[in-house]
Amino acid sequence: MSSGREALAGSLALYAVTDRHWLAGRTLAGCVEEALRGGATFVQVREKDDGALPHDAYLAEACELRVLCHAHGVPFVVDDDVGLALECGADGVHVGQDDLSAEEARRRIGADGILGVSASTMAEALAAERAGADYLGVGAVFPTGSKADATSVSLGELAAICGAVDIPVVAIGGITRDNVKELAGTGIRGVAVISAIFAQSDVEAATCDLRMQVRKTLGI
């Protein structure tokens, strides 16, 4: 693995995905800053569903989050919206199977941008790697309330995908401080979480605790 890919893999240990539905009156920037202080190693801003921000407000928010992440030396990507990612100067974009194709996303962000792709099957994982993905988000590995239509991925399937691709894999879906140990031995390079961080009353403490559990049980 090249030094650049090693550096990316090393940044995926605790991958924080935003969801404003958990903010409970707090600002997203404030919660992200708490997560960064607590040890989040990668941040994806995600605006889905009803109540998504107008473009200008979303752009301003993304720019603010990029500045925060870069101040902590943490990569910052935008979910799905390549245009917004380019406008705000994000490090890259993450696309799902129902979003813009990985091939088109890679073409638009260029060779140097970070491209993450969601996958829930071996076929999707291999296709994403061929299309130029830098990392995969694989799940849902546990039941999750953050994405009601998420396809379940067994730990055996997760391990098989990790063994079949040459790019790092991040597990996602229902991961908490209590079940993260079940992912040991699968070959993942990180865990992606939403509510385990942003639904907590003390985001910094929750992030710090989860980061310690990831380091302790997964060695990453």
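In the numbering used here, the protein residues as written are -8 to 211.
Ideal Cβ positions, reconstructed from N, Cα and C, are used throughout, including at glycine.
- Contact between ALA53 and VAL73 fails: their C-beta atoms lie close to 12 Å from each other, not under 8 Å.
- Sequence-distant partners of LEU44 (beyond 5 residues in either direction) whose C-beta falls short of 7 Å from its own C-beta, in its chain, are GLU38 and GLU52.
- The C-alpha of ALA4 lies about 17 Å from the C-alpha of VAL194.
- Under DSSP, the beta-bridge partners assigned to SER109 are GLY128.
- Residue pairing from DSSP places HIS85 in a beta bridge opposite ASP70 and GLY107.
- The residue among ALA183, LEU127, ASN170 and GLY181 with its C-alpha nearest the C-alpha of GLN88 is LEU127.
- Using a Cβ-Cβ distance cut-off of 8 Å, the region 198 to 211 and the region 148 to 155 are not in contact, since fewer than three pairs of beta carbons, one from each stretch, lie closer than that value.
- In terms of CA proximity to VAL129, GLY147 leads the group ASP169, HIS12 and GLY147.
- Residue environment analysis places PRO134 among the exposed positions, since fewer than 16 neighbouring C-beta atoms fall within 10 angstroms of its C-beta.
- Restricting attention to ILE105, GLU173, ALA162 and ALA119, the CA atom closest to the CA of GLU(-3) is found in ILE105.
- In this model, ASP103 and ALA183 are separated by some 22 Å (Cα to Cα).
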